[in-house]
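Structure first, commentary second.
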Amino acid sequence: MTISSTTVKNSYSGNGTLDTFNYTFKVFADADLQVIIRDASATETVKNLTTHYTVTGAGSASGGTVVFTAGNIPTATETVVIRRASPQTQAIDYIANDPFPAESHEEGLDRSMMAIQQLQEEVDRSIKLSRTNTMNNTEFTIGDTDRANKVFGFDSAGELVVTQELGTFRGDWSASTAYAVRDLVKDTSTNNIFICLTAHTSSGSQPLTTNADSAKWSLLVDAASATTSATNAANSASAAATSESNAATSESNAATSEANAAASYDDFDDRYLGAKASNPTVDNDGNALIDGALYFDTTNNVMKVYDLGNTTWRRTTPTTAEQTNINTVSGISSNVTTVANNDTNVTTVATNISSVNTVATNINDVIKVADDLNEAISEVETVANDLNEATSEIEVVANNITNVNTVGTNISNVNTVAGISSDVTTVANDGTDIGTVATNISNVNTVAGNNTNITTVAGNNTNITTVAGISSDVTTVANDTADIGTVASDISNVNTVAGSIANVNTVATNVSDVNNFADRYRVQAGEPSVDNDEGDLVYDTNANAVKVYNGTSFDTIQQGITDVAPTRHSIRPSLNLDFANSKVLDPRITFTRGSNATYYDGYTSVKAEENGIYPSTNLSSSPQSAGVILTHNVSGISAPDGTETASYFVPSASSGLHYSRASGGISSPSLNTPYTGSFFAKANGYDFVVVQLTSGTSSGGSRYAITVDLTNGTIGGYIDTENVSNVSSTATSVGNGWYRISLTASFNTGNASPRAILYVVGAYSDNLSSVNPATASNATPSFTGDGSSGVYVWGFQVEQRDSVTAYTPTTTSPITKYQPALQTAGNNVARFDHNPTTGESLGLLIEEQRTNLQVRSEEFDNASWIKLRGTITENKIIAPDGTLTGDHFVCDTTTLGNSYYVYDTSTISSGATTTASCYIKKGSDDYARIVSYDNGANGARQWFNIANGTVASSNTFGTGWSVASASIEDAGNGWYRCIATFNTTGTAFVFQIHPAQPSDLNGNVTAYVTNGFIWGAQVEKGSFPTSYIKTTGSQVTRSAENVDMNNIDTSDWFKQGEGTLFLKGLKYNQDSGWFVGLHDGTLNNRVTIIDNPSLNGSRYTVRKDNVTYFDSYPNQSVSKGDYLNTIISYKRDDFSATANGLSNVTDTSGIVPIIDTLTIGRRWDIGINRLSSTIKKISFYPKALTDNEIIDLTEE
Amino acid sequence: MNYYLKTNTEQEMWEALETASLAKKEYDMTDTNNIQPEDYDSETNGEFIKTGKYDWVALCQLDMIGTIYQTSGTMLTDEEGNEYPEMIAIDGFHANIKTDKVVTGLPTIDAPTTPYRKWLGE
């Protein structure tokens, strides 16, 4: 046979039941077939003959079948491939000289062809070069390990490579990263995937499409578009669903409307039957007629209505009576037309119908008036003419209606007088006599009043006789009656002199001085011509000038008081709330505040820095023990402050005591009172140092000594506590091998040379645990040094306190500093605030409600405050509230960066103007900085000079943020409250505090800074700061103050109808805070003075019954922080207001409200417009003062 | 007496306070839309109707906190490389009130061990 077919493979799909599959090519044996099953996951499995299938037709030129055994039938997801796989061997053996074996030979040729076909089938399934294509080398030698996980590909010359990578996924793109070709990254701003086209180091920011290196990237996966499409698809689906729902609803509504319309039409059809020639008996639907149904009778051309009660149709014509009326109207149609033409007048009458009715009711009075007007002499005209006169008697009576009412009230008395008119006439006729009596009525009253005395005189007749016997003496006295009268009339002066007899005696004693003064200073018209000595003074009333005698003539003294206002203080207020001077609340004031609040009381101060040692850097230059070698200002050794001022303490090589004392100390320390000594030490040869705090420099007394291991700060070994209590000690590493060591003790026993002082009593090679303090000589361990090993010491300090504070250096004298202490007022306790440094009394402090959003306001050591390039040591300095809570920020001087700071993050209202503040005290550098930003790239910076207390420069970064305003407040003793108000975006507010800045340069810090002190951080919503609010783990809210004086209408100081209201307060930049108001509980009736920020002055308003009669807000040129003396006087048709002595504003028309309440510092109706400021004084005068008077009152 | 309140929205909070007679609604008279013009002719135009914004007047010590945020425990990094805590919002609208009276019907929650915000001095 021949091989005429090139088919070597058949392929079928299984169905789970078909077990027999044809193959259409010849095989010589069953084993020459290979059966392969390909499943749905493209896994190919070569099946085994007999086990999985059997074969028929081997040797047949047309092929045969493959029959799968039970359990191995191909499923519907499987593909059956049957291919010829003849063995690649040659089994025919030709034997020489045998007959030509044609069959075997042909079989051999067939097998060869089959092998060729099988190879062709393999080749057809291979990837290969086309006949015209070229490749220099189709072999590769790279081993499997190197090929692993690589891609088979082509290099830049088109040659074969097997180590190619598709690209390396480098994660999210970031700046400053080296990227290679085919690196894959994710753009986190768009979620797009890019492949790197050109190797480069990245810069700039995302998205990569706008990055400067965008040409070096190619978009691989457009996730952003996909996301947008997905979102749009979802939105479309949602919209479609909504539309579907709406359509269904509309369909339902339409159906309902259709039904309703049909029902309505049917109802109408039942009620109006249309045109008909005769009366219908049923409606258009054949149903019974309903009452009131209508139809048009075409026979009679009239409308008819159905009367169901009488089951009859009736014509809709008027009744007879109605027709009569119609006829009547028709007859007077011209009149109706006339009325219609006067429609406006009719409306007017209708509008005023109540007045018309009133006239109608009083028509008789109207007639009387009309009759009167027709008379020759009309009383009405007389009254009208009188009212038109310049001086109307009727107006006079009206203006004196009070008197008329008085007469009315006392009409019975008037009638009584009328009834006794004859008596009155009689009295009138005796007018002369009565006048005489009246003239002497005092004498008559005296006699009447002395009736008892006259009786007494009568009863003392004997005494009178006696007087008569000494009449000469009496006469003598009588002759001196003028003198006696003079004394009597001046008896108050006599008593005054008697009461001041000591002063009189003093004057008498110093009468020469008095006379000398009289000689030296005279007041007279013109200049004295006699008794003139050099330096004499005279007030020349002719020249109205003070003059001084220069030895030859008088010179006029021209400097001094030139203008004394003559009228001031001639008027006194009836209410004077002098908060600044009295510092108490008037008991008539109702004051509330629902929380604590802070302020300065003007007198409480606390001891801050203290150091009794001087100079503080060194031990005494003369050691108290001969066995001490002491070197000051050791060269090459940096003290903790970086200077070369440390001392070197070396025990000599001789055995004995080795101790030295610091200089100075606190003299005469109190017993049973804590004292703390401290110093810095660093090992150099010997690792242990012993230090002693004592009550004096003589032997005995109290002492507390400790031993410190300077390799690790351990305190132990030799400990001596002699006559001390409440002892404690610390040893803290401060870097570079230095430790700060402190000892605290209360002395129970005094000393012959009392002084709280520190001794360094030795440097040792061990901790002396074997030494018993009780037996040690002079309580000091004996030791033999080597003459060169010792310890460095520096920075001695002794303070009267129960714990150590930050080191305060001294030079030639001890230091004790005091600082004002921020006070806390309890609930409902008014605050009378003061300038903490000048002590100026600022008056009543009123503030709006505020929240400190910054937690841990005094706990910068807490983990919520993150420290950058620095560390916090808590409670190292006396804080502005007088407690030892001021924290110390120490910069990391080994890392030079652009900032050293602490920071925390708060959440604010989105975009809210926010004020951040913090108390900062200079450590090493003159400047501090507050920075706020949004956790991103947008923020602003504000510098402060904390050496001189001034606001320095500011700048911004990113967009949207800026410093709206900044200020700095001196809190005393070097503390400054640094305040910056920020315009923000978003809700994140990062508060950075930089306590040490070398300058206010806008750039980065390029020099090391060392340290600073911080306390009291505050973040509050608003454009200005308010008083400090302490926080711990929570945000804290301070309530607002409410200040009122109620029922003033019944008080003895207030007068309705007129008055003058004065206020002296500190102008602040709040939003129209209301200083003070007189009112009735509403805004409709009030007299108010409001802080007017837009025009730098006050706004004055008078309203009555919701009508404004006076509303003026002049520009008074008063800025934030200035005092405003502001005033308004008011009465009917006379309003005047001014501030700080400026020209007043006036209004001459208007009335005033009825008032019962005084409110200070807020609007009383709603919670806005609260004041946040201090008020020194509020006064009320029960009359409207003149323009000059109010200007004068505000000048001071 | 302190009450810690929580509602879903600010509007619900005010309504709850108004129901408990702790707040009332008033027009803001600094808004010119609430002030009757002096030349307003009420005979022609009828009674003047305020159309401006309004304020709520608290009759007790009221601290409207709003949304409360807490740290999630995750630290994030800003563009300067500084770490900062991630803040997450707690659901609801919150307020604190302080009053001498016992008030019922308020949307109170249990007093937190560590309040997000408290009154100065407490």
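As you go down the protein sequences, you meet chains V and S in turn. As numbered in our numbering, residues 485 to 1680 make up the first sequence, in order. As numbered in our numbering, residues 37 to 158 make up the second sequence, in order. We put the CB at the ideal spot given by N, CA and C, even for glycine. On a predicted model such as this, the values are computed, not experimentally measured, just so you know.
- Within the segment 134-158 of chain S, the residues whose Cβ lies closer than 8 Å to some Cβ of chain V are LYS134, THR150, PRO151, TYR152, ARG153, LYS154, TRP155, LEU156, GLY157, GLU158, listed in chain order.
- Judged by DSSP secondary structure, V:LEU1677 falls within the alpha helix (DSSP H) whose first and last residues are 1671-1677.
- Sorting V:SER839, V:PRO1293, V:GLU1342, V:GLU1358 by C-alpha distance to the C-alpha of V:TYR1098 places V:PRO1293 at the top.
- Contact annotation: V:ASN1590 and V:ASN1576 have beta-carbon atoms that are not nearer than 7 Å.
- V:ASN1526 is outside the set of residues whose beta carbon lies under 7 Å from a beta carbon in chain S.
- A distance below 6 Å between beta-carbons, with the five flanking residues on each side excluded, links V:ILE1350 to the following residues of its chain, in chain order: TYR1387.
- If you ignore the 5 residues before and after V:GLU643, its C-beta comes within less than 7 Å of the C-beta of MET619, ASN620, ASN621, all in its own chain and listed in chain order.
- Contacts with chain V at 7 Å (Cβ-Cβ) do not include S:MET100.
- Note that the C-beta distance between V:THR1397 and V:SER1507 is below 7 Å.
- Put simply, the segment 1075-1091 of chain V touches the segment 1361-1375 of chain V. At least three CB pairs are less than 8 Å apart.
- Every alpha helix (DSSP H) stretch that sits fully inside the segment 931-966 of chain V and reaches 4 residues is listed by chain position as 935-943, 945-953, 955-963.
- Membership of V:THR1440 in the beta strand (DSSP E) is indicated by the continuous run 1434-1441.
- Selection V:SER1119, V:ASN1232, V:HIS1372 evaluated against V:SER1152 yields V:ASN1232 as nearest (Cα-Cα).
- With the criterion set as a beta carbon lying under 7 Å from some beta carbon of chain V, the members of the segment 74-93 of chain S are ASP91, VAL93, in sequence order.
- Nearest CB-CB separation between S:TYR105 and chain V: below the 7 Å threshold.
- Judged by their CB atoms, V:GLN518 and V:ALA569 are nearer to each other than the 7 Å cut-off.
- Out of V:ASP1371, V:HIS1372, V:HIS1142, V:GLY1279, the CA that lies nearest to the CA of V:SER1273 is found in V:HIS1142.
- What V:ARG1522 touches in chain S, judged by beta-carbon distance under 7 Å, is LEU156, going in chain order.
- The Cβ neighbour count for V:ALA1668, taken over all protein chains shown within 10 Å, is at least 16; the residue is labelled buried.
- Secondary-structure assignment with DSSP links V:LEU1352 through a beta bridge to V:TYR1385.
- DSSP places V:ARG1285 outside both helix and strand once states are collapsed to three, so it counts as coil.
- Under the Cβ criterion of 7 Å, V:GLN1519 is counted among the residues facing chain S.
- It is roughly 25 Å from the alpha-carbon of V:ARG595 to the alpha-carbon of V:TYR496.
- The three-state reading of DSSP puts V:LYS700 in helix, counting H, G and I together.
- Contact note: S:TYR120 reaches chain V through ILE1350, TYR1387, ASP1388, THR1389, ASN1419, ALA1472, VAL1474, using a C-beta cutoff of 9 Å and chain order.
- For the segment 1643-1660 of chain V, the beta-carbon criterion of a distance under 7 Å to any beta-carbon of chain S is satisfied by ASP1649, ILE1650, GLY1651, ILE1652.
- Around the beta carbon of V:HIS1372, a 10 Å sphere encloses 16 or more other beta carbons of the protein chains shown; the residue is thus reported as buried.
- Contact annotation: in the segment 1549-1572 of chain V, residues whose CB is within less than 7 Å of a CB in chain S are LEU1567.
- For the 7 Å CB-CB criterion, V:THR559 and V:VAL551 do not form a contact.
- The three-state secondary structure of V:LYS1539, taken from DSSP, is coil.
- Shortest Cα-Cα distance from V:ASN1432 to any of V:GLU1453, V:ASN1419, V:THR1510, V:GLY1444 involves V:GLU1453.
- If you check each beta-carbon in the segment 1081-1104 of chain V against every beta-carbon of chain S, the ones closer than 9 Å belong to ALA1081, THR1082.
- In the DSSP assignment, V:SER1162 falls within the beta strand (DSSP E) that extends over 1158-1168.
- Chain V has no Cβ within less than 7 Å of the Cβ of S:MET37.
- The beta carbons of V:ARG1239 and V:THR1296 sit no closer together than 7 Å.
- The beta carbon of V:SER544 sits closer than 8 Å to the beta carbons of LYS510 from its chain, once the five residues preceding and following it are set aside; these are given in chain order.
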